[in-house]
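>
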Amino acid sequence: MTTTDKLIEATREIWEAYNDHPFVTGIGDGSLDREKFRYYIMQDFLYLKDYTKVFAIGLAKATDVDNINLFAQSIAGISAELNVHNGFMAQLDITEEELDAIQPSLDNLSYTSYMLRVAYEETEVEILAAILSCAYSYEMIAKEIMRRNPDAIHDDFYGSWIQAYGSNTYSASNQTLIESLNRLSQHYTDAQIDHLLAIFTACSRYELAFWEMSWQMQ
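Numbering-wise (the working numbering), the sequence shown opens with residue 361 and increments by one.
#1: Tell me where the alpha helix (DSSP H) around residue 500 begins and ends.
#2: Exposed or buried, what is residue 541 when buried is set at 16 or more other beta-carbons lying within 10 Å of its beta-carbon?
#3: Looking only at its own chain, which residues have a Cβ that is under 8 Å from the Cβ of residue 499, when we skip the five neighbours before and after it?
#4: So, at 6 Å on beta carbons, what are the nonlocal neighbours of residue 434 in its own chain, with the 5 sequence-adjacent residues on each side left out?
#5: Taking the Cβ atom as the reference point for each residue, do residue 538 and residue 371 lie within a distance shorter than 8 Å?
#6: Take residue 399 and list the residues in its own chain whose beta-carbon comes closer than 8 Å to its own, dropping the five residues that flank it on each side.
#7: Quick one, which of 517, 443, 502 and 558 has its alpha-carbon nearest residue 528's?
#8: CB-CB under 7 Å to residue 423, same chain, minus the five flanking residues each way: which ones, in chain order?
#9: Flag this pair as yes or no: are the beta carbons of residue 388 and residue 479 separated by less than 8 Å?
#10: Classify residue 546 as buried or exposed, calling it buried when 16 or more other Cβ atoms lie within 10 Å of its own Cβ.
#11: Assess, as a yes-or-no matter, whether the segment 486-494 is touched by the segment 557-571 under the definition of 3 or more beta carbon pairs within less than 8 Å.
#12: Residue 440: buried (16+ other C-beta within 10 angstroms of its C-beta) or exposed?
#13: If you drop the 5 nearest sequence neighbours on each side, which residues of the same chain put their C-beta closer than 7 Å to that of residue 409?
#14: List the whole-angstrom C-beta distance separating residue 449 from residue 522, where the pair is believed to meet the contact cut-off of C-beta under 8 Å.
#15: Using the Cα positions of residue 396 and residue 369, report the straight-line distance between them to the nearest angstrom.
#16: Quick one: Cα of residue 536 to Cα of residue 392, how far?
#17: Once the 5 residues before and after residue 462 are set aside, which same chain residues still bring their CB inside 6 Å of it?
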């Protein structure tokens, strides 16, 4: 069993909870209140700015050319993610003034502060574990939405979100993260794996809290 398999298996209950959260199911069936999604988009925009910094720190700490390229390409890939956000911002009439004025929620701030602390204090391997809990969960959520409702990708509003995170391109970028994490940790001791699991679990819990934060708009 690979390191990633162990991490996913140990947090399966949390990951399954994503798929049944009302915010996620609302995206899947198109019923989600757009005001809730508007709040989510603005908070996620703030999140992605710090998320990018985590990749940048990983780039600085990378110990081989493959990982230097991985982190560099991932930073560029976040631009594509932001393009999806920009499309929704236009549809939801979110202005630059609003984005400049908005403050991160406490859950958002706690999550990004934790990820940045991992990035500053740990190695590239722990950084990959923290990143993967976010990146891979979005792929799994989008694919589960498509499995439950194949027509969801055609929704006039939420379809583009589902398509972006369920795309082969997004999946390929996650596979690169997975392969790198597995390669770098293949000779890890049980104690080292447990440390990665603690980070992965914390970030997975933060992901679930982010969905709830967006649902409650607070």
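Here a beta-carbon is modelled for each residue, glycine too, at the ideal position from N, C-alpha and C.
A quick look at the data gives this:
#1: 484-508
#2: buried
#3: 525, 526, 530, 531 and 534
#4: 415
#5: no
#6: 574 and 577
#7: 502
#8: 484
#9: no
#10: exposed
#11: yes
#12: exposed
#13: none
#14: Contact doesn't hold; Cβ gap of about 18 Å is too wide.
#15: 31 Å
#16: 32 Å
#17: 402
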